Structure formats: C-alpha cells, structure tokens
Amino acid sequence: MVLTVSLNPAVDKYIHLRRLVHGQHQQAEQVVTSAGGKAVNVAGVLRELGEEVELIGFFGGFTGQYLVREIATEGVRCHAIEIATLTRTAFVLVEEDGAETELVEPGGAVTADEIAALRAALRAAATRAQVIVMSGSAPPGCPDDIYVQLLADCAGRCPVIVDTSRAWLQAVVDDTSGAARPTMIKPNRREAEAALGTTLATPAAMAAGLRQFAVRGIPLPVISDGAHGLYALVDGAVWQAGPPQLQRVNSVGSGDAAVAGIAASLARGAAADSDTMLRLAAACGAANVLTQECALVHRADIERLLPQVTVGRM
Ligand SMILES: Nc1ncnc2c1ncn2[C@@H]1O[C@H](COP(=O)(O)OP(=O)(O)OP(=O)(O)O)[C@@H](O)[C@H]1O
Ligand SMILES: [Mg+2]
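The working numbering puts the first residue of the sequence shown at 8, with every later residue one more than the last.
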C-alpha cells in the first residue's frame, strides 16, 4: 500500500471563458470541478497505475466533504482529519488562447489539536505502508518544519518521498536535528535552485546539486526539469531520464505524476533497477502533458511512452 499525505487539499475549479477582462463582470462558458492538491493528484495517478492507495489529509466544511467523496470514488481509502475551517478552492481561469490564470487560497487554518490528530493517524497508518508520499504546501497553522515532524512520525519504517517547496522544503533540506530523513525529495529545477541558493542551468550543475542534497542526508534526490526530463542520484551515480518531444496540452501536475511513478516503482521493489524506476517516472510525467486536466494520466499513454524515454548514467 502507498500512503499519501495531503495537508492542503483543494477543490480545483477550471473556469473556461473567452477572454479574461480585468475588473469586469463575466460569465463562465464552462466550469469543471475536481479533487486537487498535490498528494491527491499523486494518489489518483497511483490508482491509474494499479496501486493500492490510502490518503491522510485535513478536510473541512462542504468543500472538504466533496473532496472526501471524490477521493473515495477513485478507489483511495481516505482517512479524513476533520478541521474547523473550510477546505480551500483553487480557481484556474482558462482563456480561449490557452492562457491560464490561477487564484489559489492559502487553505483553511489548522489548530495544534488537528495537527496532533493527523500525526497520530500517520503513525498508525505508517506501520502498514510500503511507501509514503507527502506532497504539497501546508495550510496556515502548520509550522515551517511540519514535514520534519511528519518524517519523525514515519520513523524510517519505509521509503518516504517529500515533494514540497518554499519554507517547507527548506526546513526538510536544512534539518540537522537527527530526525528521520526523507528517502527522496523531488523539487523541480526552480524549487531546487531556491533550496540550494544556486543556479542549476547545466547537467553538471544538476549533478552537483543532487550531491549537495545527498550530503544533507537525502539518499535518493531527484530534480525534475519539465520537458528536459529528470535527474536522479542513485547509489552515488547521477542518472538522467529524457522524455520524448510531445505536443503539450497542459503540463501542470507532471511532477505529481512523476512522483507517483517513482512511488509505484518503490512499492513494487523496483528501486534497485534505476532504469525501470526513472523510465516510469518520466513516462508518467510525459503522459500528463497530453491531457488538459491536472495530473490526469491514461495508462495506455504511459505504456506507449515507456519505450520512448531515454535513460542513462551521466
Ligand atoms: N513538456 C513535457 N514533455 C515531456 N515530458 C514532460 C514535459 N513536462 C514535464 N515532463 C515530465 O514530467 C516530469 C515532471 O515535470 P516538471 O519538472 O514540470 O514537474 P513540476 O514542476 O514539479 O510539476 P507540478 O508541480 O506541476 O506537478 C519531468 O521531469 C518530465 O520527465
Ligand atoms: Mg512539483
């Protein structure tokens, strides 16, 4: 079973309109509502890959209830930690020319008691997990080092992937408390540059960046770079996986899809086979760019793309 942790899930609302006009009353042409938030996306892709998935997250109000229902429909067992505030909505305004404007709420604040309840649920579920994936931002009320605390709850029982950004990623990367470390982080290039305070413009710089993460106690760091693919440090060797060139429809959520590919490989015990793991990650990320919806991948696309991914040691 792969356990996913969603501190800040969201109702995703894609609002289609001809052209966004600043400061005007406008009617939407079409609205598509779905369950979102990075860990929820990862859980959905894992289901498409045929994995057994559970999800722990904060859910509040009618938006939270909607998400819990949707997540269950996808075949994910959901352990909902009920919060007093309303689960957020993320609005994506999609114009006819393809331009997308995102308006994202920070998320309803959580209390110390609610955090304690989530941590207890994580400690209980972690005993049954083969892999744990923690993805996304954290809502107001969570300390910056929330993922450091959750890593301690996982207690090194199984591989743990942390895919976050900003202060939450910085706290994980800089932690020297001696608490359990993540097996893997998967920042994109921009997030990795911010965490390391350096630019990663060349493959050599990417390799050096990966080694810096390893020095900080993360044994299997991965940095993704959009259409350029992803870089990973496995057993001291730097690998690169390059996707085929594709007609991009929407690449938002490709990182979540790639994380799901890695998590599925780890759950299947394929971690030792770097080629298999990185090929699946890149194929999942690539399959996502073919669909309009965020982190929606089709298994048939993944199967077709797998042999088109190039994987090699640098
Ligand atoms: N345009 C593309 N064509 C082919 N593959 C892509 C493309 N964009 C992304 N990918 C694949 O997906 C992986 C993850 O993408 P990316 O680096 O954009 O993640 P991200 O920025 O974390 O995305 P998000 O956080 O929105 O999920 C890449 O390493 C690559 O393998
Ligand atoms: Mg990402």
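For each residue, glycine too, the CB sits at the ideal point set by N, CA and C.
Fair warning: this is a prediction, and the values are worked out from it, not measured in the lab.
Whose C-beta lies closer than 6 Å to the C-beta of residue 49 among residues of the same chain, with five residues either side of it excluded?
Excluding sequence neighbours, residue 49 sits near 11, 140, 142, 263, 266, 267.
What are the boundary residues of the alpha helix (DSSP H) that residue 137 is part of?
Element bounds for residue 137: n/a, residue is neither H nor E.
Given this structure, state the Cα-to-Cα distance separating residue 219 from residue 23, to the nearest angstrom.
43 Å
For residue 67 and chain B, any beta-carbon pair shorter than 9 Å?
Protein chains in the displayed structure number just one, and chain B is not present.
On the CB-based measure, 16 or more other CB atoms within 10 Å of its CB, does residue 184 come out buried or exposed?
exposed
Hey, how far is the Cα of residue 56 from the Cα of residue 30?
Residue 56 and residue 30 have their alpha carbons spaced roughly 43 Å apart.
Quick check: what's the CA-CA separation for residue 191 versus residue 296?
23 Å
Using the three-state DSSP reduction, which class does residue 193 fall into: helix, strand or coil?
coil
Once you ignore the five residues that flank residue 145 on each side, which residues in its own chain have a CB closer than 7 Å to its CB?
14, 15, 153, 175
List in chain order: all unbroken beta strand (DSSP E) runs of 3+ residues lying wholly within the segment 128-183.
138-142, 167-170
Is any heavy atom in ligand 1 found nearer than 8 Å to the beta carbon of residue 15?
no
Rank 169, 164, 147, 165 by C-alpha distance to the C-alpha of residue 155 and give the top, closest one.
169
Beta-carbon separation of residue 217 and residue 253 under 9 Å?
Cβ atoms of residue 217 and residue 253: not closer than 9 Å.
For ligand 1, which residues count as neighbours when the test is a C-beta closer than 6 Å to any heavy atom?
195, 231, 232, 233, 234, 236, 237, 250, 253, 255, 258, 259, 260, 261, 262, 263, 265, 289, 292, 293, 296
Say yes only if the C-beta of residue 172 is nearer than 8 Å to one or more non-hydrogen atoms of ligand 2, and no if none qualify.
yes
How far does the alpha helix (DSSP H) with residue 247 in it reach, from first residue to last?
Where residue 247 is concerned, there is no enclosing alpha helix (DSSP H), although the beta strand (DSSP E) it sits in stretches over 244-249.
Throw me the rounded Cβ distance for the residue 207 and residue 200 pair, which I believe falls under 8 Å.
Taking the Cβ atoms as the reference, residue 207 lies roughly 5 Å from residue 200, within the contact range of under 8 Å.
Looking at the strands, I want to know which residues DSSP matches up with residue 23.
37, 101
Using a 10 Å radius around the Cβ and a threshold of 16 neighbouring Cβ atoms, would you call residue 113 buried or exposed?
exposed
Compute the beta-carbon to beta-carbon distance between residue 87 and residue 64, rounded to the nearest angstrom, for a pair I have assumed lies under 8 Å.
7 Å
Which first and last residues belong to the alpha helix (DSSP H) in which residue 239 is found?
Here residue 239 belongs to no alpha helix (DSSP H); instead the beta strand (DSSP E) covers 237-241.
Comparing alpha-carbon positions, which option in 243, 291, 223 lies nearest residue 181?
223
Would residue 287 be called buried (16 or more neighbouring beta carbons within 10 Å of its own) or exposed?
buried
I need the straight-line Cα distance from residue 9 to residue 58, nearest angstrom please.
7 Å
Relative to the C-alpha of residue 194, which residue among 237, 127, 76 is closest?
237
Relative to the C-alpha of residue 47, which residue among 34, 106, 17 is closest?
17
Could you check the C-alpha separation between residue 204 and residue 36 for me, to the nearest Å?
43 Å
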